[in-house]
Each structure stands twice: as C-alpha cells, then as structure tokens.
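*Asks:* Once you've had a glance at the structure underneath, I'll fire off some questions.
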C-alpha cells in the first residue's frame, strides 16, 4: 500500500463519516420537520374542535337567550294581567265602599274627609268592631260627624272585602 492509497482510504473514511453525519442531520431534520408538521396538524385539529365547540356554545347561548326572553315576555304578560286584576278589584272595592258609606248615610261626610285629604276613609268599611272604638273617640269637625254617623249605624254593618 502506498502513501496515496492510505490517503485515499482516509479520505474515503472521512467522506463516509461526513456522509453519515450529513445523513444523520438530514434524518434529524426530516424527523424535526415531521414532528413540526404533526404538531401543526394537531393544533389545526384542536382549533377545528374548539371552533365546533364555540359554535355549539354560541347556538346554545342563542337558544337560552330566546328562552329567557320568552319567559320575560310571559312574566310581563302575567304581571300586566295581575295589575289589571288588582286595579279592577280595587275599583270594585272602592265602589263597594262608596256604596256602603252612602247606604250608611256617610256620603255627606265623605266629601269633608276628602277635602281634608284623609286617604284612609275608604278603609273604614274594613274596620273590625274594636277598631270602631278609635274612630268613635274623634271629637271635632267632620270626624265628629262621622263618629256620630258610625255610632248610629253600628248595628247591621256589613263588611265588604
């Protein structure tokens, strides 16, 4: 073996090492590229899954919002009906109380009470018998007239509810 053959052999070994090293780097790069592509694909799949989940939640949110609005509308309707019923009941009660006061001969005194802005006159028809005692203690003015009128009509008083 000559000196040139040794050099060729060393070069061949060095070339083989370089080739092996380059192959290893290429394999590692391909492996890294594959891993990166796989990671990107997984992220894209996750994004797609999250989009689907988002759209489902958004649709559910819209459904819930529609249900809530429907329930609010129903409650508004029920409240309006209740307010109408209460207003009608109060009007009827007020009419019944006015009729009661007129039947008892108290309607003449009612105007005097209204002039004094006593808002509880209509409640007199709802008083219990022991509550009449406090009304009967009234001494002056229209209250005294009412006291006298109530004293005269205590028997046979009808309660209106």
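Numbering (UniProt numbering), first residue to last: 1 to 161. Think of the CB as a built atom: it goes at the ideal place given N, C-alpha and C, for glycine as much as any other residue. This structure is a prediction, so every number in the text was calculated from the model and none was measured.
Once the 5 residues before and after residue 61 are set aside, which same chain residues still bring their CB inside 6 Å of it?
*Replies:* Taking the first residue of the chain shown as position 1, residue 61 is located at position 61. Result list for residue 61: empty, nothing under 6 Å.
*Asks:* Would you report the Cα separation of residue 191 and residue 50, rounded to the nearest angstrom?
*Replies:* As shown, the chain starts at 1 and ends at 161. That puts residue 191 outside it, with no answer to give.
*Asks:* I'd like to confirm something about residue 66: is its beta-carbon nearer than 7 Å to some heavy atom of the ligand NAD, or not?
*Replies:* With respect to the ligand NAD, the structure offers nothing, as it holds no ligand at all.
*Asks:* Quick one: which unbroken beta strand (DSSP E) runs of 3-plus residues sit fully inside the region 11-40? Chain order, please.
*Replies:* none
*Asks:* Return the CA-CA distance between residue 63 and residue 69, expressed in angstroms with no decimal places.
*Replies:* Looking up residue 63 in the chain shown gives position 63. Looking up residue 69 in the chain shown gives position 69. Distance between the alpha carbons of residue 63 and residue 69: 10 Å.
*Asks:* Do you know offhand how far residue 45's Cα is from residue 28's?
*Replies:* The sequence position of residue 45 within the chain shown is 45, counting from 1. The sequence position of residue 28 within the chain shown is 28, counting from 1. Approximately 25 Å, taken between the alpha carbons.
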